[in-house]
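When we follow the working numbering, the leftmost residue of the sequence shown carries the number 5, and every step to the right adds one. Glycine included, every Cβ here is placed at the ideal spot set by N, Cα and C. On a predicted model such as this, the values are computed, not experimentally measured, just so you know. To keep things clear, I will list the structure first and then write my remarks on it.
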Amino acid sequence: FYLADVEFDEQEVCAKGWSGHTLHAVLAQSRFILLVHMQGQVWRAYIAGSDINADSTVESIKSFWKEFVPDPGVPRPLSFRDPGYFHVSCKLIERYRVGRCLLAGDAAHCHSPAG
Numbered sequence: 005f006y007l008a009d010v011e012f013d014e015q016e017v018c019a020k021g022w023s024g025h026t027l028h029a030v031l032a033q034s035r036f037i038l039l040v041h042m043q044g045q046v047w048r049a050y051i052a053g054s055d056i057n058a059d060s061t062v063e064s065i066k067s068f069w070k071e072f073v074p075d076p077g078v079p080r081p082l083s084f085r086d087p088g089y090f091h092v093s094c095k096l097i098e099r100y101r102v103g104r105c106l107l108a109g110d111a112a113h114c115h116s117p118a119g
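Rendered as structure tokens:
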């Protein structure tokens, strides 16, 4: 999934009834946009779809956003800050211990930027 901090216009957030809310989700088939209010006018956006990948650019994400959430849906993003991509993977090792080396706890798994 693609991850970015998105800034919205305060007046548009209020006009769409978003002020006072902390979480919004737009879901359809194999796509979603999850928005979590961070502070001020900044929201953390988690964006997933079959056409979202590590090569996605901010411009392609804006295009995806416009197509997936037509007006008058989600407020229009003013900016995308700190964009990144996270690929969910499943890995399994053959042995957790080799000699004096032990793989356990936080070293044994990885977390997405979402936590």
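Supposed contact pair residue j and residue i - C-beta distance, whole angstroms, cut 8 Å
i, j, result
"F84", "I97", "Actually they are not in contact, since the Cβ atoms of F84 and I97 sit about 36 Å apart, beyond 8 Å."
"Q45", "E11", "5 Å"
Distance, residue j Cα to residue i Cα
i, j, result
"L27", "G88", "20 Å"
"Y100", "F5", "29 Å"
"F68", "P76", "16 Å"
"Y50", "I37", "6 Å"
"R35", "R104", "45 Å"
"M42", "P74", "23 Å"
"V62", "L7", "11 Å"
"K20", "A32", "20 Å"
"V92", "L82", "28 Å"
"L107", "K95", "13 Å"
"S54", "R48", "20 Å"
"Q15", "A52", "27 Å"
"L39", "D86", "15 Å"
"F90", "V102", "29 Å"
"K25", "A58", "It should be noted that the sequence gives His, not Lys, for residue 25. For H25 and A58, the distance between alpha carbons rounds to 30 Å."
Within 8 Å, strictly: CB atoms of residue i and residue j
i, j, result
"P79", "D13", "yes"
"V30", "S23", "no"
Margin query: Runs of 4 residues minimum, wholly inside the region 31 to 100: which ones carry the alpha helix (DSSP H) assignment?
Written below: 62 to 72
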